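Taken in order, these protein sequences are the chains called A and B.
So that you can map any letter, position 76 of the first sequence is 197 in this note's numbering, and since no number is skipped, the others follow by simple counting.
So that you can map any letter, position 231 of the second sequence is 493 in this note's numbering, and since no number is skipped, the others follow by simple counting.
Written below as structure tokens is the structure these notes are about.
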Amino acid sequence: MLDKRVRVRDIRPLGGHNYLLTLDSPEQARRTQPGHFVMIKCSDDVQENPLLRRPFSVFDIKRTPRSGRITGLDILVKDVGIGTRRLVELQRGDQIHSLGPQGQPFRLQDDWRGRLDFACLVAGGVGIAALYLLAHALISKQITPVLFYGGKTAADLVLRDYFEQLGIETHYTSENGSIGEKGLVTLPLSRFLKQHPRSNLRLFSCGPWGMMKATHELAIRQGVDCEVSLEARMGCSLGACMGCVIRAWDQNNEEQYLRVCLEGPVMNSRTVDWNTPPL
Amino acid sequence: MSVTIAGVEFKNPVLTASGTFAYGIEFAHLMDLNSIGGIVVKGISMRPIKGNPPPRIYETASGMLNAIGWQNIGAVEFTTKKLPALRKFQTRVVVNVVGFTLRDYLEVTRFLNDCRGIAALELNISCPNVKHGGFHFNQKPKDTFDVTAKTKKASPRIPLWVKLSPNVTDIRDFARACEDAGADALSVVNTFVGMAIDTVRRRPRLKYVTGGLSGPAIKPVALRMVWETCQVVKIPVIGIGGIANTDDALEFLLAGARAIQVGTANFYNPSASQQIADGLERYCRSHEIPDINQLVGSLRV
């Protein structure tokens, strides 16, 4: 994990209060695995308000077009409060601070090749940010990702083109029907699972708590594993403040509090107590 | 740059505050632990504590609320797994001790008193985020006196600091009670009880409803309490409360603090304590102050 002062290379509005920020940080980008996050101080002066840094999944690794040299990373920022407002108002060339990459990444095992038929990627809104590098990694292991992506409206389903360019199967849903199927993302997911009762599947999910909970329940019914990338308010991301915990179960089914920053953000959905939302 | 507290020398007056720096080693890759005077580790109880349900933290203007509830790994795991690694660094280790009852405090204090590599114990009777114990001992000066006197007896080898609560009518009464009971030093202050409400859901932002406010928001009040405390006790006072930069640290030293602790700033600026230690050295050099102790309590009123 590195604490770096980094330059904003680009900031691209994606509609619906969403922005893609490109940060020049080759050393952090080189260390990034699918599921990792960076902790961003929203200003150059570390003492400025808001004080606490904000965690963001690394959406993509940036490379130079010709040589393929790693130059930085992309984060997806939705303007929802004072911290994210500061970020989306940054200009090209501005400096901020980035701590990371960090957290438990998605667990990709070498012996999945040829044994896993599908990897279902289940995203809600900005939760998509955790799944793009994962889709890449799965394809390189010759595992077929299938994307299930939902939001309130079409504007919430950002960065679809990235996944479509991978040539993977996609299922979109929106609550108002403005894109894809009208309803929740679990609709096409449960249909897909019913159509593939005997397939070797694995679910990977990131999005609102209720959506991940529903995804977890479908995984249990299907008898397959589900990994979730969790969100929590974080104080430090270093395991020090103990602020970002979720309620979970240990091997003896005893209650425990796990830090989303250190023991997560990616966890097996079976360890999480889905009746205690952390926000 | 060194300061002495209860016969123990610290290479400089900058320490990290309990609960904001984990067990120290978690920060070793982000700063030079050898650059600071000491590390006050996360509050330790005899047995592990699970802590409060989430949400546990919420950011407020220039500060944050927390209601962690003493989640920690327990004294045995701390002394076998964390302390040996921490001992390798050239910095002092102070252990914050927590408990729900007097018996808890005495048990963990006796246990730690037999351990090597601990420079001082910091008795935490001021945490606002547990329902029993802790805070209870910081409500009446008489109770503070009793718990301090008994814990001091349980720690004959290692100096005992007492960390005081700001959530009292007059902190000077509690400071005097600690001094009379034989405390070797005072840490002033712990967090201020506060709360925040989600107006859409009409629910408290913290599951525990209330939490401890920390960060730059509390600095002026904490500074005033340190100054008041220094007027009435002879034992060393360690200043805590919203210290985020060198100037903040200097204010506490001028008000009379022998040393200071950096807390919430560690969260958003992991090397804040090192930066402050370097900054104090620069200040002394540029102001031709040969001994930092000359600054302590040199406020001109």
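Backbone N, C-alpha and C define an ideal beta-carbon position, used for all residues, glycine too.
Computed from a predicted structure; not experimentally measured.
* Asked: In its own chain, which residues sit with a C-beta less than 7 angstroms from the C-beta of SER533 (chain B), not counting the 5 before and 5 after it?
  -> For this step, residue 533 (chain B) is matched to residue 271 along the second sequence. Answer for SER533 (chain B): LEU292 and MET293, listed in chain order.
* Asked: Using a beta-carbon distance cut-off of less than 8 angstroms, what residues from the stretch 290-307 of chain B approach chain A?
  -> HIS291, LEU292 and LYS304
* To do: Go ahead and pull the three-state DSSP assignment for THR274 (chain A).
  => Taking the first sequence and counting its residues from 1, one reaches residue 274 (chain A) at position 153. DSSP places THR274 (chain A) in coil when its eight states are reduced to three.
* Report yes if the C-beta distance between LEU220 (chain A) and MET160 (chain A) is below 7 angstroms; otherwise report no. => The residue labelled residue 220 (chain A) in the question sits at position 99 within the first sequence. The residue labelled residue 160 (chain A) in the question sits at position 39 within the first sequence. Cβ distance < 7 angstroms, so LEU220 (chain A) and MET160 (chain A) count as in contact.
* Exposure of GLU352 (chain A), with buried meaning 16 or more beta-carbon neighbours within 10 Å -> Against the first sequence, residue 352 (chain A) aligns to sequence position 231. It counts as buried.
* To do: Indicate whether ALA445 (chain B) and THR371 (chain B) have their beta-carbon atoms separated by less than 7 angstroms.
  => Here residue 445 (chain B) refers to the residue found at position 183 when the second sequence is read from its first residue. Here residue 371 (chain B) refers to the residue found at position 109 when the second sequence is read from its first residue. Result no, Cβ atoms of ALA445 (chain B) and THR371 (chain B) do not sit closer than 7 angstroms.
* Using CA coordinates, which residue listed in B:ILE502, B:GLU490 and B:GLY325 is at the minimum distance from PRO275 (chain B)? -> By 1-based counting over the second sequence, the position of residue 275 (chain B) is 13. The option with the nearest alpha carbon to PRO275 (chain B) is B:ILE502.
* Taking all protein chains shown into account, do 16 or more other C-beta atoms lie within 10 angstroms of the C-beta of ASN386 (chain B), making it buried, or fewer, making it exposed? -> To locate residue 386 (chain B), count along the second sequence from 1; it is residue 124. That one is buried.
* Check each residue of the stretch 450-470 of chain B: if its Cβ is closer than 8 angstroms to any Cβ of chain A, include it; give the result in chain order. => Answer in chain order: no residues at all.
* Assuming VAL409 (chain B) contacts PHE399 (chain B) (C-beta within less than 8 angstroms), just tell me the rounded distance between them. => For the purposes of this step, residue 409 (chain B) is taken as the residue at position 147 of the second sequence. For the purposes of this step, residue 399 (chain B) is taken as the residue at position 137 of the second sequence. Their Cβ separation, rounded to whole angstroms, is 4 angstroms, which keeps VAL409 (chain B) and PHE399 (chain B) in contact under 8 angstroms.
* To do: May I have the straight-line CA-CA distance separating LEU277 (chain B) from LEU448 (chain B), to the nearest angstrom?
  => In the second sequence, the residue the question calls residue 277 (chain B) occupies position 15. In the second sequence, the residue the question calls residue 448 (chain B) occupies position 186. Approximately 14 angstroms, taken between the alpha carbons.
* To do: Reducing DSSP to helix, strand and coil, say where ILE289 (chain A) ends up.
  => Here residue 289 (chain A) refers to the residue found at position 168 when the first sequence is read from its first residue. Correct three-state label for ILE289 (chain A): coil.
* Asked: Can you find a CB in chain B that lies within less than 7 angstroms of the CB of PRO222 (chain A)?
  -> Along the first sequence, one-based indexing puts residue 222 (chain A) at 101. Output row for PRO222 (chain A): interface = no.
* To do: Decide if the stretch 163-175 of chain A is in contact with the stretch 254-270 of chain A; the criterion is three or more beta carbon pairs, one per stretch, under 8 angstroms apart.
  => no
* Asked: Are the stretch 360-371 of chain A and the stretch 383-400 of chain A touching, with three or more C-beta to C-beta distances below 8 angstroms?
  -> Segments in contact, yes.
* To do: State yes or no: is the beta carbon of ASN396 (chain A) nearer than 7 angstroms to at least one beta carbon in chain B?
  => Within the first sequence, numbered from 1, the residue matching residue 396 (chain A) stands at position 275. So no, ASN396 (chain A) is outside the interface.
* the stretch 323-344 of chain B: which residues have C-beta closer than 8 angstroms to a C-beta of chain A, in chain order? -> Under the 8 angstroms Cβ criterion, the stretch 323-344 of chain B contributes ALA323, SER324, GLY325, MET326, ASN328, ILE330 and GLN333.
* Report yes if the C-beta distance between MET333 (chain A) and VAL349 (chain A) is below 7 angstroms; otherwise report no. => In the first sequence, counting from the first residue as 1, residue 333 (chain A) sits at position 212. In the first sequence, counting from the first residue as 1, residue 349 (chain A) sits at position 228. Yes, they are a contact pair.
* Taking TYR530 (chain B) as the reference, which of A:LYS262, A:ASP165, A:GLU210 and A:VAL381 has the closest Cα? -> Position 268 of the second sequence holds residue 530 (chain B). Comparing Cα positions, the closest option is A:ASP165.
* To do: Determine the DSSP secondary structure at PRO318 (chain A), reduced to helix, strand or coil.
  => Here the question's residue 318 (chain A) lines up with position 197 in the first sequence. Coil at PRO318 (chain A), not helix or strand.
* **For ALA437 (chain B) and LEU142 (chain A), the rounded distance between their alpha carbons** => Here residue 142 (chain A) corresponds to residue number 21 of the first sequence, with the count starting at 1. Here residue 437 (chain B) corresponds to residue number 175 of the second sequence, with the count starting at 1. Roughly 51 angstroms between the two C-alpha positions.
* Taking a cut of 7 angstroms between CB atoms, which residues from the stretch 142-168 of chain A lie near chain B? -> Within the stretch 142-168 of chain A, the qualifying residues are LYS162, VAL167 and GLN168.
* Just mark ALA323 (chain B) as buried or exposed, buried being the case when its beta carbon has 16 or more other beta carbons within 10 Å. => Position 61 of the second sequence, counted from the first residue, corresponds to residue 323 (chain B). Counting Cβ neighbours within 10 Å, ALA323 (chain B) comes out exposed, since fewer than 16 surround it.
* Taking only the alpha-carbon atoms, compute the straight-line gap between TYR283 (chain A) and LEU254 (chain A) and give it to the nearest angstrom. => For the purposes of this step, residue 283 (chain A) is taken as the residue at position 162 of the first sequence. For the purposes of this step, residue 254 (chain A) is taken as the residue at position 133 of the first sequence. Answer to the nearest angstrom: the Cα atoms are 11 angstroms apart.
* Asked: How many angstroms separate the CA atom of ALA251 (chain A) from the CA atom of VAL455 (chain B)?
  -> Counting from one through the first sequence, the residue named residue 251 (chain A) turns up at place 130. Counting from one through the second sequence, the residue named residue 455 (chain B) turns up at place 193. Each residue's Cα considered, the two are about 36 angstroms apart.
* **First and last residue of the uninterrupted beta strand (DSSP E) at THR606 (chain B)** => For residue 606 (chain B) there is no data in the structure shown, the boundaries of chain B being 263 and 563.
* Segments assigned beta strand (DSSP E), at least 3 residues, entirely inside the stretch 421-465 of chain B -> Here the runs fully enclosed are 422-426, 447-450 and 454-457.
* Asked: Can you list, in chain order, the residues of the stretch 342-367 of chain A whose Cβ is nearer than 9 angstroms to any Cβ on chain B?
  -> ALA353, ARG354, MET355, GLY356, CYS357, SER358, LEU359, GLY360, ALA361, CYS362, MET363, GLY364, CYS365, VAL366 and ILE367
* Grab me the residues of GLN352 (chain B)'s own chain with a C-beta within less than 7 angstroms of its C-beta, minus the 5 sequence neighbours each way, in chain order. => The residue you call residue 352 (chain B) lines up with position 90 of the second sequence. In chain order, ASN296 place their CB closer than 7 angstroms to the CB of GLN352 (chain B), counting only its own chain and leaving out the 5 sequence neighbours on each side.
* In chain order, which continuous runs of the beta strand (DSSP E) of length 3 or greater are located wholly inside the stretch 136-172 of chain A? -> 139-145 and 158-162
* Asked: Should PRO316 (chain B) be flagged as near chain A, meaning a C-beta pair shorter than 7 angstroms?
  -> Taking the second sequence and counting its residues from 1, one reaches residue 316 (chain B) at position 54. Taking Cβ atoms only, chain A reaches closer than 7 angstroms to PRO316 (chain B), which makes this a yes.
* Looking at C-alpha atoms only, which residue of A:ASP231, A:VAL127 and A:THR205 is the closest neighbour of ASP215 (chain A)? -> Here the question's residue 215 (chain A) lines up with position 94 in the first sequence. Checking every option, the nearest Cα to that of ASP215 (chain A) belongs to A:VAL127.
* **ILE378 (chain B) in three-state terms, based on DSSP** => Position 116 of the second sequence holds residue 378 (chain B). Before going further, note that residue 378 (chain B) is Arg rather than Ile in the sequence given. ARG378 (chain B): coil per DSSP, three-state reduction.
* For ALA458 (chain B), which of B:VAL451, B:GLY474 and B:ALA443 has the nearest alpha-carbon? -> If you number the second sequence from 1, residue 458 (chain B) lands on position 196. ALA458 (chain B) has its Cα closest to that of B:GLY474, out of B:VAL451, B:GLY474 and B:ALA443.
* What first and last residue would you give for the alpha helix (DSSP H) that runs through ASN528 (chain B)? -> Numbered from its first residue, the second sequence carries residue 528 (chain B) at position 266. Counting along the chain, the alpha helix (DSSP H) containing ASN528 (chain B) begins and ends at 527-530.
* To do: Have a look at the DSSP bridge pairing and note the partners of GLY473 (chain B).
  => Counting from one through the second sequence, the residue named residue 473 (chain B) turns up at place 211. GLY473 (chain B) pairs with B:GLY456.
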